[in-house]
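S.K.: Here it is, the structure in full.
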Amino acid sequence: MLSNIGQSLIVLTLLTSFMLLFSSVNFLKFDQINIKKLYSLNFSQSIFAILSFLVLIIGFLTSDFSLINVYENSHSQKPLVYKISGAWGNHEGSLLLWINILILFSFLFFHHNKKLNKNYILFTIIIQNILIIGFLIFLFLNSNPFSVIHPVPKEGLGLNPILQDPALAIHPPLLYVGFVGSSIFFSAGIASLITNFRGKIFAQSIKKWIYTTWSFLTLGILAGSVWAYYELGWGGFWFWDPVENASLMPWFVLTALLHSIIVLAKRETIYTWVIILCVLSFTLSVMGTFLVRSGILNSVHTFASDPSRGLYILIFLSLMIFSSVLIFFKKYPKESYNFELHSKETFILVNNWFMFFFLVTVLIGTLYPIFLEVITNVKISVGAPFFNIVIIPLIIPFLFFMSLGPRVKWIKENAQIIKKSLKVLLYAVIINLIIYYFFGQYSLLSNLILIAAIFLILHNIVDVFISIKDKKILNFSRISSHLGFGLLIFFISINHSYTIEKDFNLRVGEEKNFNKFNISFDKLNVQDRKNYKAIVGEFTLTKSNDKEIKILKPEIRIYTNPETLTYEASIKTAPGSDHYLTMSNISRSDFYNIKFQYKPFMIWIWISVILISFGGILRIFERKYEN
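The following block contains the structure:
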C-alpha cells in the first residue's frame with residue numbers, strides 16, 4: 048500500500064519536473080511567460096515531493112517491514128524519534144530528502160524573484176530542474192526508497208546504534224540544506240552568465256540563499272561535531288576525517304561567497320569571482336556526496352556506501368562540471384578590478400584568498416591518498432598533523448585581516464585605522480599575558496593565535512560600545528559571526544593547550560590518582576533498557592583543590608537489533624570545563640580500560656559556533672548588506 052502511494056508520488060514529481068522544464072523552455076522560445084502556470088507547476092512539484100517523503104516517514108513510524116528500506120533500517124522497539132530519523136539515516140531516504148530540498152529551494156527562489164528578468168528566472172528554473180530530474184532518475188535506477196520485500200518479515204534489522212543519537216538525528220537535514228541549497232545559486236549563477244543578468248539586482252536575488260545555506264551548513268557541522276564528541280568516545284570534536292572534510296570544503300567556499308556578494312552588491316564588481324564561487328560551492332557538495340556514497344573513503348562516518356551509486360554521482364558530477372566550465376568560458380565576462388590597497392574590497396578579497404588556500408589544503412589532504420592508492424596501490428592516511436602544520440599558522444594573519452576589514456571604508460581608507468587598532472592589539476597582548484600567568488603554559492604559536500583571537504573579539508566589543516555611544520545602527524549579523532569566530536578560535540586554543548588525558552585500567556573498588564585528580568571505581572550495574580542492555584559503571588571524581596564531588600556513569604551498551612557494542616561517555620559539563628569518562632571491558636578479565644579527559648571551555652566552543660551561525664540567520668532578514 049505505502050509502496051504504491053510513495054512510488055506514485057515520485058512518478059508525479061518526475062512528470063511535474065519534466066512539465067516545468069518543457070514549459071520554461073517554451074516560454075523562452077515564444078518570448079512569453081505564464082507566471083501562474085509556472086507557479087502552479089512549481090507548487091505541485093513541491094507538494095508531490097513532500098508527500099512522498101511523508102509517506103516514507105509513515106512507513107518507519109508504522110514499522111511497515113514490507114518496505115526494504117524500513118526493514119533494513121528500523122525495528123519495532125526502536126524509540127519514536129529514531130524511527131523518524133531513520134527515514135533519512137540511510138542512502139535511499141537521504142537521497143529523497145536531498146531531492147525535496149532541491150525542489151523546495153527552486154520553489155522558494157521562484158516565489159521571491161518571479162518579478163525579475165524573465166529570461167534569468169526561466170534559465171534558473173531550467174537548470175535547477177535538470178538537476179532535479181537527474182537525481183530523480185538516480186532514485187529510480189538505483190535507490191528506490193519504496194522497494195518491497197517478499198515475504199514480509201515480522202521484524203526489522205534495526206538502525207545502526209551509533210546513529211541513534213539526538214545530534215545525529217538532526218545532523219543530516221541541517222547538512223543537506225547547506226549542501227543542496229547551494230544548487231539554487233549554482234543554477235542562478237549559470238543563468239546569469241547566459242542572460243547577462245548582473246549587478247546589484249542579481250546579488251540581491253541570491254544573497255538570501257547564500258546566507259541560508261551557510262547558516263544551516265554551519266549548524267550541521269556543529270551537530271556532527273557534538274555527536275562525535277560524546278558518541279564516539281574519542282573526546283574530541285574534529286579529527287580531519289575525510290567525511291568531515293567533505294562538509295568543511297563547501298563551507299570555506301560559502302564563507303568566501305557570502306563576503307564576495309557584499310562587494311558585488313555594493314560596488315558591482317568581482318562578478319566573475321562570485322560566479323566561480325557559486326559553481327564551486329555546489330560542485331564540492333556533490334563531490335562530497337560522491338566521496339561518501341562511493342565507498343572509496345574509509346571513515347567512521349560512512350554508513351551507506353555503494354560503488355554503483357558512486358559511479359552515477361561521478362558521471363553526473365563530471366557532466367555538471369563540464370557544462371558549467373563550457374558555459375563560463377563561452378560567456379566569460381571581461382572585468383577590470385581597480386581596488387585601492389586600503390579599502391574594504393581589498394580586505395574582503397584577501398580573506399577570500401585565505402579561504403581558498405584552506406580549501407585547497409583540505410582538498411589535497413582528502414584526495415591525495417585516493418589518487419596515490421589508485422596509481423601505486425599504496426594506502427596512506429593524511430591526518431591532523433598535516434592540516435595543523437599548514438593551516439594553523441595562517442589562522443593568525445587571517446584573524447588580523449578579519450578584525451581590520453569591517454573597520455576599513457569602501458574605495459579607500461587612510462592609515463588611521465591601523466593606529467587605532469594598535470591600542471586594541473596592546474590590550475590583546477595584556478590579556479594574553481594574564482592568561483599565561485594563571486595557566487602557566489607557553490607556546491609561541493598558541494599564544495600568537497590567542498592574541499589574534501582576542502584582537503578580533505575586542506574589536507567587535509569596541510564596535511558595540513561605539514554604536515551605542517554614537518547612536519549608530521549596529522550590524523548585529525556581522526558582530527555575531529565575527530565575535531563567534533574569535534571566541535571559537537580562542538576557546539579551541541585554550542582547550543588544545545590545557546586538555547588533560549589519562550588512560551588506565553581499574554577493577555571495581557580500585558582508584559587512580561594523577562594531576563591532582565582522584566578517580567574511584569565504586570560499582571558496576573547491569574540495566575535493561577528499551578532496545579539495549581547497559582553495563583553502567585559508577586565513578587567518583589574528586590580534585591585536590593576542589594571540594595565538589597562528581598559522579599560519572601559511563602556505559603557499555605549491548606544492542607540486539609542489530610547486534611552491536613557501543614561505549615557511551617559520561618560527561619559532566621560546567622561553564623569552565625568538561626570532565627569526560629569512558630570505559631571498555633578488557634577481554635577475559637575483571638579489569639576495565641578507563642579513559643579520562645579534562646576539557647576546558649568545551650561548552651563555549653559549541654556556543655561560539657551557534658553565534659557564528661546566528662549571524663548568518665540574521666543576515667537573511669536584513670534588507671541591506673552593509674550599514
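With the first letter of the sequence shown counted as 1, position 32 gets the number 79 in our numbering; the numbers rise by one all the way through. Backbone N, C-alpha and C define an ideal beta-carbon position, used for all residues, glycine too.
If you drop the 5 nearest sequence neighbours on each side, which residues of the same chain put their C-beta closer than 7 Å to that of residue 245?
M.R.: Locating residue 245 in the sequence shown gives position 198, counting from the first residue. Contacts found: 239 and 318.
S.K.: For residue 455, is the classification buried or exposed, using 16 other Cβ atoms within 10 angstroms of its Cβ as the cut-off for buried?
M.R.: For this step, residue 455 is matched to residue 408 along the sequence shown. Buried, because 16 or more other Cβ atoms sit within 10 Å of the Cβ of residue 455.
S.K.: Excluding sequence positions up to five away, which residues of its chain have a Cβ less than 7 Å from the Cβ of residue 272?
M.R.: Taking the sequence shown and counting its residues from 1, one reaches residue 272 at position 225. Here the set comprises 284 and 285.
S.K.: Helix, strand or coil for residue 207? Go by DSSP, reduced to three states.
M.R.: Within the sequence shown, numbered from 1, the residue matching residue 207 stands at position 160. Residue 207: coil per DSSP, three-state reduction.
S.K.: Specify the secondary structure class of residue 487 as computed by DSSP and reduced to three states.
M.R.: Mapped onto the sequence shown, residue 487 falls at position 440. It is coil, neither helix nor strand.
S.K.: Which value, in whole angstroms, describes the spacing of the CA atoms of residue 290 and residue 198?
M.R.: Numbered from its first residue, the sequence shown carries residue 290 at position 243. Numbered from its first residue, the sequence shown carries residue 198 at position 151. C-alpha separation (whole angstroms): 37 Å.
S.K.: Counting only runs of 4+ residues fully inside the stretch 430 to 505, write out the alpha helix (DSSP H) ranges in chain order.
M.R.: Correct list: 431 to 451 and 463 to 486.
S.K.: With residue 79 as the anchor, note down where its beta strand (DSSP E) starts and where it stops.
M.R.: Translated into the one-based positions of the sequence shown, residue 79 becomes position 32. Run containing residue 79: none; DSSP gives neither H nor E here.
S.K.: Can you confirm whether the stretch 474 to 482 touches the stretch 418 to 435 when touching is taken to mean that 3 or more C-beta pairs between the two stretches lie within less than 8 Å?
M.R.: Contact fails: fewer than three Cβ-Cβ distances are below 8 Å.
S.K.: Taking 8 Å as the threshold, find out whether the stretch 156 to 163 comes into contact with the stretch 81 to 90 through three or more Cβ pairs.
M.R.: Flag = yes, the stretch 156 to 163 and the stretch 81 to 90 touch.
S.K.: Which term fits residue 591, buried or exposed, when burial requires 16 or more other beta carbons within 10 angstroms of its beta carbon?
M.R.: By 1-based counting over the sequence shown, the position of residue 591 is 544. So residue 591 counts as exposed.
S.K.: Shortest alpha-carbon distance to residue 558 belongs to which of 587, 225, 313 and 578?
M.R.: Within the sequence shown, the letter at position 511 stands for residue 558. For the residues 587, 225, 313 and 578, the minimum Cα distance to residue 558 belongs to 587.
S.K.: Would you mind reading off the limits of the alpha helix (DSSP H) that contains residue 426?
M.R.: Indexing the sequence shown from 1 puts residue 426 at position 379. Run containing residue 426: none; DSSP gives neither H nor E here.
S.K.: Assuming residue 179 and residue 141 make a contact with CB atoms under 8 Å, what is their CB distance in whole Å?
M.R.: In the sequence shown, residue 179 corresponds to position 132, counting from 1. In the sequence shown, residue 141 corresponds to position 94, counting from 1. Contact doesn't hold; Cβ gap of about 16 Å is too wide.
S.K.: For residue 265, I'd like the list of residues in its chain whose CB is within less than 8 Å of its CB, leaving aside the five on either flank, ordered along the chain.
M.R.: By 1-based counting over the sequence shown, the position of residue 265 is 218. Once the five neighbours on either side are set aside, the close Cβ partners of residue 265 are 225, 298, 656, 659, 660 and 663.
S.K.: Taking its Cβ as the centre, do 16 or more other Cβ atoms sit within 10 Å of residue 366, making it buried, or is it exposed?
M.R.: Locating residue 366 in the sequence shown gives position 319, counting from the first residue. Residue 366 comes out exposed.
S.K.: Can at least three beta-carbon pairs, one atom from the stretch 392 to 410 and one from the stretch 439 to 447, be found at a separation below 8 Å?
M.R.: Judged by Cβ distances under 8 Å, the stretch 392 to 410 makes contact with the stretch 439 to 447, as three or more pairs qualify.
S.K.: Where do the N-terminal and C-terminal ends of the beta strand (DSSP E) with residue 602 fall, by residue?
M.R.: Locating residue 602 in the sequence shown gives position 555, counting from the first residue. Unbroken beta strand (DSSP E) run through residue 602: 602 to 607.
S.K.: To test your reading of the DSSP string, which unbroken beta strand (DSSP E) runs of 3 or more residues are found completely within the stretch 541 to 565?
M.R.: Listed in chain order, the complete beta strand (DSSP E) runs (minimum 3 residues) inside the stretch 541 to 565 are 547 to 553 and 558 to 561.
S.K.: From 282, 270, 241 and 230, pick the residue whose C-alpha is nearest to that of residue 260; which is it?
M.R.: Indexing the sequence shown from 1 puts residue 260 at position 213. Answer by Cα proximity: 230.
S.K.: What does DSSP give as the partner residues of residue 581 in its beta bridges?
M.R.: On the sequence shown, residue 581 is found 534 positions in, with the first residue counted as 1. 574 and 604.
S.K.: With residue 647 as the anchor, note down where its beta strand (DSSP E) starts and where it stops.
M.R.: The count along the sequence shown starts at 1 and reaches residue 647 at position 600. Where residue 647 is concerned, the enclosing beta strand (DSSP E) stretches over 639 to 647.
S.K.: Please report how far the alpha carbon of residue 323 lies from the alpha carbon of residue 241, in whole angstroms.
M.R.: Taking the first residue of the sequence shown as position 1, residue 323 is located at position 276. Taking the first residue of the sequence shown as position 1, residue 241 is located at position 194. The straight-line gap from Cα to Cα measures roughly 14 Å.
S.K.: Reducing DSSP to helix, strand and coil, say where residue 202 ends up.
M.R.: Position 155 of the sequence shown, counted from the start, is the residue given in the question as residue 202. If DSSP states are grouped into helix, strand and coil, residue 202 belongs with coil.
S.K.: From the DSSP output, in three-state form, read off residue 350 for me.
M.R.: For the purposes of this step, residue 350 is taken as the residue at position 303 of the sequence shown. Its pLDDT being 49, under 50, residue 350 is placed unreliably by the model, and nothing is read from it.
S.K.: Considering only the beta carbon of each residue, do residue 492 and residue 432 sit closer than 8 Å?
M.R.: For this step, residue 492 is matched to residue 445 along the sequence shown. For this step, residue 432 is matched to residue 385 along the sequence shown. No, these two residues do not count as a Cβ contact at 8 Å.
S.K.: Which residues in the same chain have their Cβ closer than 7 Å to the Cβ of residue 70, if we skip the five residues on either side of it in sequence?
M.R.: What you label residue 70 is simply residue 23 of the sequence shown in a count that begins at 1. Cβ within range, chain order: 84, 85 and 88.
S.K.: Take residue 295 and list the residues in its own chain whose beta-carbon comes closer than 8 Å to its own, dropping the five residues that flank it on each side.
M.R.: Here residue 295 refers to the residue found at position 248 of the sequence shown. Counting only Cβ-Cβ distances below 8 Å, and skipping sequence neighbours, we find 268 and 409.
S.K.: Within the continuous beta strand (DSSP E) that includes residue 624, where are the two ends?
M.R.: Numbered from its first residue, the sequence shown carries residue 624 at position 577. Element bounds for residue 624: 624 to 632.
S.K.: For the ligand GTP, is there any heavy atom lying closer than 7 Å to the beta carbon of residue 205?
M.R.: The ligand content of the structure shown is nil, which means the ligand GTP is not present either.
S.K.: State the DSSP-derived secondary structure class of residue 279, mapped to helix, strand or coil.
M.R.: Residue numbering aside, residue 279 sits at position 232 when the sequence shown is read from its first letter. Correct three-state label for residue 279: coil.
S.K.: Can you find the residues in the same chain that come closer than 6 Å, C-beta to C-beta, to residue 757, ignoring five residues on each side of it along the sequence?
M.R.: Look at the range of the chain in this structure, 48 to 674, and you will see that residue 757 is not part of it.
S.K.: Taking the C-alpha atoms as reference points, what is the distance between residue 494 and residue 303?
M.R.: What you label residue 494 is simply residue 447 of the sequence shown in a count that begins at 1. What you label residue 303 is simply residue 256 of the sequence shown in a count that begins at 1. Each residue's alpha carbon lies about 27 Å from the other.
S.K.: Which term fits residue 574, buried or exposed, when burial requires 16 or more other beta carbons within 10 angstroms of its beta carbon?
M.R.: Position 527 of the sequence shown, counted from the first residue, corresponds to residue 574. Result: exposed.
S.K.: Restricting to Cα atoms, I'd like to know which of 130, 201, 127 and 619 is closest to residue 112.
M.R.: Here residue 112 corresponds to residue number 65 of the sequence shown, with the count starting at 1. Taking only the C-alpha atoms, the option nearest residue 112 is 201.
S.K.: For residue 607, count neighbouring C-beta atoms within 10 Å of its own C-beta (all shown protein chains included) and say buried if the count is 16 or more, exposed if not.
M.R.: Taking the sequence shown and counting its residues from 1, the one referred to as residue 607 is at position 560. Result: exposed.
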